[in-house]
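Before any comments, here is the structure.
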Amino acid sequence: YDGSVLVNNSTKHYPAVPKLFCRWLRDHLPKDVQGKSFVFTSINVNNGYGAKLHRDGNNEGPSFIAAFGDFKGGALNYWGDDDKTLGPVEKCCAAEDASSVDISKSLLLFDGNRGHAVDDFEGDRYTLVFFSTSRSFKASPEARQTLIDCGFPFPDAQGLAKNKSLLSPPLGYTNASRKTA
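Every number in my numbering is 20 more than the matching position in the sequence shown, counting from 1.
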């Protein structure tokens, strides 16, 4: 694998589905983001996935997430001040520092490169996560055009910078009990 950007076969075969998801996001962006053109290359569609504490890899960071379905629990715990300086996510992201967000009630803008996890849940829980791969610049012209044709607002450097400007920089955690040796 050379790190290039590939278009999923499902996206190619069923272009109306990503078009619908992209339209849904445009129609549901928070008021403070509307008109600022959130750009992205990717949509993760998850079913029944209860992510443990982690930071995303190959993600530019700014991401939107929403949950759907008939379920109880499943809040997203987000460590918005995780700046990675204290080491592995498990060492520096203490439970008491997390913000718990019910993403079934509203769309959430968060930085996927900061710590996040999902509470246990019961029932059918689906999520849509909209984000840009950190390698969007490696997309071939064909891959780029396929995504644009499927409704994706494909990013350029300026669009990615605008996305990042939507998030406050992390303050970091300084609690000595969380520092790694």
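Beta carbons: idealized from backbone N, C-alpha and C, even for Gly.
Alpha carbon to alpha carbon, what distance is there between T147 and G179? So the alpha carbons of these two residues sit roughly 24 angstroms apart.
By Cβ distance below 7 angstroms, which residues in the same chain neighbour C113 in space, the five residues on each side in sequence not counted? The residues are L73, W99, D102 and G135.
Cβ-Cβ distance between D140 and G68 below 9 angstroms: Judged by beta-carbon spacing, G68 lies beyond the 9 angstroms limit of D140, meaning their Cβ atoms are not closer than that value.
Are at least three pairs of beta-carbons, each pair with one atom in the segment 76-87 and one in the segment 148-158, less than 8 angstroms apart? Cβ pair count under 8 angstroms is three or more, so yes.
Since I believe I85 is in contact with L128 (beta carbons under 8 angstroms), could you give me their beta-carbon distance rounded to a whole number of angstroms? L128 to I85, Cβ: 5 angstroms. Contact.
How big is the Cα-Cα spacing for G107 and R75? Rounded to whole angstroms, G107 and R75 show a C-alpha spacing of 12 angstroms.
Which residues bound the beta strand (DSSP E) around L187? DSSP places L187 outside any beta strand (DSSP E), giving it a letter other than H or E.
L167 in three-state terms, based on DSSP: Three-state DSSP puts L167 in a helix.
Provide the residue(s) that pair with D131 in DSSP beta bridges, ordered along the chain. Answer by DSSP bridge pairing, in chain order: P82.
For A163, which residues from the same chain have a beta carbon less than 6 angstroms from its beta carbon, with the 5 sequence-adjacent residues on both sides left out? Within the same chain, A163 has close Cβ partners V25 and V27.
How many whole angstroms separate the CB atoms of N97 and A118, which I take to be in contact at a CB cut-off of 8 angstroms? Contact holds; Cβ gap of about 4 angstroms.
Would you please state the rounded distance, in angstroms, between the beta carbons of T61 and L167? I believe it to be under 8 angstroms. Between T61 and L167, the beta carbon gap of about 6 angstroms places them in contact (Cβ cut-off 8 angstroms).
How is the beta strand (DSSP E) around S119 delimited, first residue to last? Under the DSSP assignment, S119 falls in the beta strand (DSSP E) whose first and last residues are S119 to V121.
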